[in-house]
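Trainee:
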Amino acid sequence: MPVDPADHAAALRQYAAGVVLLTVRDDIDDVGTTVTSVMSVSADPPLIALGLAADGYPAEVLQGIGSGAVNVLSTDQAILASRFASAGRPSARHLLESVPWHRAPVSDAIVLDGALAALDCTVASVVEAGSHVVVLLTVEGVPVLGDGDPLVRLRGRWADGVGAPLRRP
Numbered sequence: 014m015p016v017d018p019a020d021h022a023a024a025l026r027q028y029a030a031g032v033v034l035l036t037v038r039d040d041i042d043d044v045g046t047t048v049t050s051v052m053s054v055s056a057d058p059p060l061i062a063l064g065l066a067a068d069g070y071p072a073e074v075l076q077g078i079g080s081g082a083v084n085v086l087s088t089d090q091a092i093l094a095s096r097f098a099s100a101g102r103p104s105a106r107h108l109l110e111s112v113p114w115h116r117a118p119v120s121d122a123i124v125l126d127g128a129l130a131a132l133d134c135t136v137a138s139v140v141e142a143g144s145h146v147v148v149l150l151t152v153e154g155v156p157v158l159g160d161g162d163p164l165v166r167l168r169g170r171w172a173d174g175v176g177a178p179l180r181r182p
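Residue numbers (this note's numbering): 14 to 182.
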């Protein structure tokens, strides 16, 4: 019996996922998207994997450029996560107008100064996986390593590192 996609999504909303901001610099502009499908693959060599919508522009640009930055977000950055999760969003630089950032040394992508961590990455391989692609990234450097409480996604809401829903100030 096939699994109902709604049941599949409801089941996975029970799993707390870390939240990152993927940024890619292409020749035209900076692209960014919020990602919750992230995993550490290997420490030696340093590899991570991201799941991205196969038909989405961020996946297309990342595969075309071949590098990007993965910014691990803190609870203080939930608004940024929402901005970059919205459909039809403008350039990453416009969404970050009042947010301090700099360029990663290898990918030249946007790295948030206030991120818990930032990973400067190159694409190692891409695997088609249904409606998504799994992008295996080689970590070339860690230009930011901060401190704070991690932002997670749980039951369709932003939450803190222990799963408590974030409250609006």
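Note that CB positions come from ideal geometry on N, CA and C, so glycine has one too.
Which of the three DSSP states is assigned to T88 in this structure?
Mentor: helix
Trainee: Decide if the segment 50-61 is in contact with the segment 86-96; the criterion is three or more beta carbon pairs, one per stretch, under 8 Å apart.
Mentor: no
Trainee: The beta strand (DSSP E) that contains I123, what's its start and end?
Mentor: I123 to L125
Trainee: Report yes if the C-beta distance between L45 and L108 is below 8 Å; otherwise report no.
Mentor: Going by the sequence as given, residue 45 is Gly instead of Leu. Their beta carbons are under 8 Å apart, which means G45 touches L108 by this criterion.
Trainee: Under 8 Å: do the segment 124-136 and the segment 145-152 share three or more Cβ pairs, one atom per stretch?
Mentor: yes
Trainee: Does V16 pass the burial test, meaning 16 or more other C-beta atoms within 10 Å, or should it be called exposed?
Mentor: Counting Cβ neighbours within 10 Å, V16 comes out exposed, since fewer than 16 surround it.
Trainee: Provide the residue(s) that pair with E141 in DSSP beta bridges, ordered along the chain.
Mentor: V146
Trainee: Along the chain, where does the beta strand (DSSP E) that runs through W64 open and close?
Mentor: One detail in the question is off: residue 64 reads as Gly in this sequence, not Trp. Per DSSP, G64 belongs to the beta strand (DSSP E) from P59 to A66.
Trainee: Could you please give me the residues that DSSP links to V112 through a beta bridge?
Mentor: DSSP lists no partner for V112.
Trainee: How many Å lie between A130 and A19 at the Cα?
Mentor: Pairing A130 with A19, the inter-Cα distance amounts to about 33 Å.
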